[in-house]
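Scroll down for the structure; my scribbles are underneath it.
In the working numbering, the protein residues as written are 405 to 840.
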């Protein structure tokens, strides 16, 4: 008789089997196929099945997910560790930044440059998983021209705290959990958290007021229902907590908050905070040049925070903005590392000045032919798992591979080409119109 399994899927760690549960089933202990064993909130999981299931069925689910994602030219974040080819040297360099923060307690910076489709996001996802497993606090931010742009630091903060994750005692945690744990730390001299943490320690988590406070901390707007003294959702005494300014000139304040988070993470034995920034080139595509310069100012401030620049631990009269109280960029010592991915912008002098602040950098070139062949063979096996009746002889496989290589495509376009050829062949059973 086959053993009954309950399989679940997690947006970061992929598929796994439920081993145990607690808190009336609100938390599940999952053995993920990547090897991790974690307590995970039920709401973070998607149930795949609760009936008798063979291991082959899991392979089918994973294979279909990869095929669907590759049709869009991407690899699912759950599978990035299993679908990485020809980047061993780059990965080893990136791992050093995690080891330096973990073993030496020193932050660092790394710049990844490459054309569109060269695999920059894929490497960031790989590093995201590696850092989580290494015990660090990690957040990944994808910049956009409007919603998440560094010239609006509050929106950057909102994205950072929304994506912040860490693993501790075999359980996944987020931003709220980090601050709950921090209520036992003595941060009385912190301009923001010194006032905030005592309030969090005594707040009634069952109250709707607490949810309003959390949403405000996470950068959500609460002005519609918690702005005036008479508003019923307003937190008593909250007026003593500094505001989360929505000014584009508030780079000092948000760098101070981010460095404070890294300090909190270090004091909680999480070694520090690793920030992963993707699509950084979008900062150069803003319509207003003034916004572009403000975005660069914020990013350059973050880079200097990583190096614990002593000048940024001081308060300068030049930091005064909108008549608000100035703050230093760094609280005590920062335990922050930053990895940023961008396409090369050789024509933009101001942007080049920013990228020159990075002490470590690598440029992603096209994969070698042997790595592309390994990738091709793996994709063929995955496609066969998804569609068992699909089959190619050795000559057909060789012709498809050579056609893809001859076009000198980036890795993304190469994968899209291969899977599209597979799709056409599966429906037409012919390569005549593909390889003519």
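Beta carbons: idealized from backbone N, C-alpha and C, even for Gly. This structure is a prediction, so every number in the text was calculated from the model and none was measured.
- Judged by beta-carbon spacing, residue 677 lies beyond the 9 Å limit of residue 577, meaning their Cβ atoms are not closer than that value.
- Nearest to residue 737 by C-alpha distance, out of 546, 662, 697, is 662.
- Distances from the alpha-carbon of residue 716 to those of 609, 699, 516, 735 put 735 closest.
- For residue 585, the three-state secondary structure derived from DSSP is helix.
- Distance from the CA atom of residue 783 to the CA atom of residue 818, rounded to whole angstroms, is 11 Å.
- The DSSP-derived three-state label of residue 561 is helix.
- The Cβ-Cβ distance between residue 544 and residue 528 falls below 9 Å.
- In the structure shown, residue 552 adopts coil according to DSSP, grouped into three states.
- Beta-bridge annotation (DSSP): residue 576 is paired with 571.
- Judged by their CB atoms, residue 430 and residue 446 are nearer to each other than the 9 Å cut-off.
- Non-local C-beta neighbours of residue 681 in its own chain, meaning closer than 6 Å and more than five positions away in sequence, comprise 545, 744, ordered along the chain.
- Here residue 756 is exposed: its Cβ has fewer than 16 other Cβ atoms, across all protein chains shown, within 10 Å.
- Residue 560 and residue 492 have their C-alpha atoms some 31 Å from each other.
- Distance between residue 772 and residue 490, taken at the CA atoms: about 7 Å.
- In the DSSP assignment, residue 815 falls within the alpha helix (DSSP H) that extends over 815-832.
- Per DSSP, residue 664 is one residue of the alpha helix (DSSP H) stretching across 655-671.
- Note: residue 533 is not bridge-paired with any residue in the DSSP secondary-structure output.
- DSSP lists 677 as the beta-bridge partner residues of residue 740.
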